[in-house]
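Its first residue numbered 386, the sequence shown is counted upward by one per residue in the numbering used here.
For glycine and all other residues, C-beta sits at the position ideal for the given N, C-alpha and C.
These numbers come from a predicted model, not from an experiment.
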Amino acid sequence: MAQFKPVRKAVFPVAGLGTRFLPATKAMPKEMLPINDRPLIQHVYEEARDAGIEEFIFVTGRQKEMLEEHFDYQPELMQTLEARGKEDMVKKVRDCEMPAGKLFLTRQPCPLGLGHAIWCAKKLIGDEPFAILLPDDLVLNKQGCLSQMIDVYNKNGGNVVAVKNVPKEDTSKYGIVDTDNEGDKTVSIKGLVEKPDPANAPSTLSIVGRYILQPEVLDHLAAFETGAGNEIQLTDSMAKLIGYQPFHGLRFDGDHFDCGSRLGFIEANIAYGLADKDIGNNVKTILKNYS
Ligand code: UTP
């Protein structure tokens, strides 16, 4: 099997304004909203860590300090929990302690779009393939979505994005891929369009917020070209890699939740609550009471 450069770094863009969740996100970062017992950012951190990622790069902005605090050590809290014999809680808190030298921070001065956020991490990414995880997008599955994508990357190299089918009338909300093998688990991508009208959409396969990209995408982002919604779109720069590097989409295993929308957020809380061994049965009972 060909040896490709390993994916060691992951970028977490967290500088957006989270307007769809106002007023909850007026002072609190959207990425700190909890699904079951942990914030969105911790879900994606754990997914990346379990996929073998070694360096975690946050692209932050104003009022986002809470995100780095969440991954810091809390000696007083730990001492108190240990003194009270709360071993299960100690373990839970340990799960979000970032080991020394693993967290890297950069700022996006203004939320000009996802592509711009990634460009802001250019120096920290350097000259190697990297992953991007959007904390809005959660995938509930035993093997995490990024880990599944790394398996595809290890076979093909190049670039890999997570994809799933959406209703035809919704293509204008997502980045959509153009492919000749739409039905396969791993699709070969020959084009990408951000938020196309249903009439012009090349397929109904949309990109979900997980990417493995080659560093050359950063050269294209440096042009700061604006696209759909007048934002600097990542999709437009990714599209420029097609034809020069392998580009695949993976229909991942697992249930996907768009936690950036209020309905997706509620659905995710139900699904993660049901999957929780401690409270799952109680959640089921509560749901019965409401149906
Ligand atoms: P979204 O577009 O879903 O987040 O971006 P948003 O803009 O904060 O939310 P709404 O639409 O206003 O409700 C997905 C991820 O990319 C980050 C966001 O923080 C979020 O985690 N992002 C987006 C940036 O870091 N910078 C940007 O310029 C845009």
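- Per DSSP, the beta-bridge partners of histidine 633 are Val545 and Ser573.
- Burial check for glutamine 464: the Cβ neighbour count within 10 Å stays below 16, so the residue is exposed.
- Distance check between lysine 553 and each of Ile627, Pro398, Ile442 and Thr589 places Thr589 closest, using alpha-carbon atoms only.
- Under the three-state reduction of DSSP, proline 583 is assigned to helix.
- Shown here for aspartate 563: same chain residues with a beta carbon closer than 8 Å to its own, the five before and five after excluded, namely Ile574, Lys575, Gly576, Leu577, Val578, Pro587 and Ser588 in chain order.
- Under the 10 Å beta carbon count, cysteine 530 is surrounded by 16 or more other beta carbons and is classified as buried.
- Assigned with DSSP and collapsed to three states, tyrosine 458 falls in coil, not helix or strand.
- The continuous stretches of alpha helix (DSSP H) do not include serine 557, and DSSP gives it neither H nor E.
- Taking a C-beta distance under 8 Å as the contact criterion, phenylalanine 515 and phenylalanine 441 do not qualify as a contact pair.
- In this structure, DSSP gives arginine 405 a helical state, which the three-state scheme calls helix.
- In its chain, beyond the 5 residues on either side, Pro424 and Met451 have a beta carbon closer than 6 Å to the beta carbon of methionine 417.
- Closest in C-alpha terms to valine 396, from the list Ile426, Thr670, Leu648 and Pro408, comes Ile426.
- From the listed residues Val545, Val668 and Pro419, the smallest Cα separation to leucine 518 is found for Val545.
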